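First up is the structure itself, then whatever we jot down about it.
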Amino acid sequence: MYVVNGMPEQEARPWPGVDYYPDDPGVNGNIGKAFLGSPNGNAVAFFLAQHEALIGKRLTVEKVRYWGDAWAQYDLHLLFYIVEVPEADKSLTPTLS
């Protein structure tokens, strides 16, 4: 992982790793958003946005779990936790007219 907001580089930890919540304020949220902006995270978010009607629910990424082997350069993993958007938030969603 790279330096984020002046924080030192963190090595990957073995399972269960570290959870990052994109909605959190501060560094934790920034790292979560960075993972959503990665190629894999972007694909997850795009899939959820494009298939809302097919799935029949509005889903979002609640958190991203990051783990891996600190000694192996390419042994890093991301796990995206997908949850249904609460009912209160759905009322704020614009609808097609």
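Residue numbering for the sequence shown follows UniProt numbering, beginning at 1 and increasing consecutively. Built from N, CA and C at the ideal position, the CB exists for glycine as well. Bear in mind that the values here come from a model prediction, so they are computed numbers and not experimental data.
ask   = Short check: CB of V64 to CB of G32, under 9 Å?
value = Yes.
ask   = So, is Y20 buried or exposed, given that buried needs 16 or more other C-beta atoms within 10 angstroms?
value = By the beta-carbon neighbour count (other beta carbons within 10 angstroms, threshold 16), Y20 is buried.
inquiry  = For N40, which residues in the same chain have their Cβ closer than 7 Å to its Cβ, ignoring the five residues on either side in sequence?
reply    = Non-local C-beta neighbours of N40 in its own chain, meaning closer than 7 Å and more than five positions away in sequence, comprise L78, ordered along the chain.
query = Looking only at DSSP bridge pairs, what is D24 linked to?
reply = Note: D24 sits in no beta bridge, so no partner.
ask   = Under a three-way DSSP split, which group does G29 fall into?
value = Residue state, collapsed to three classes: helix.
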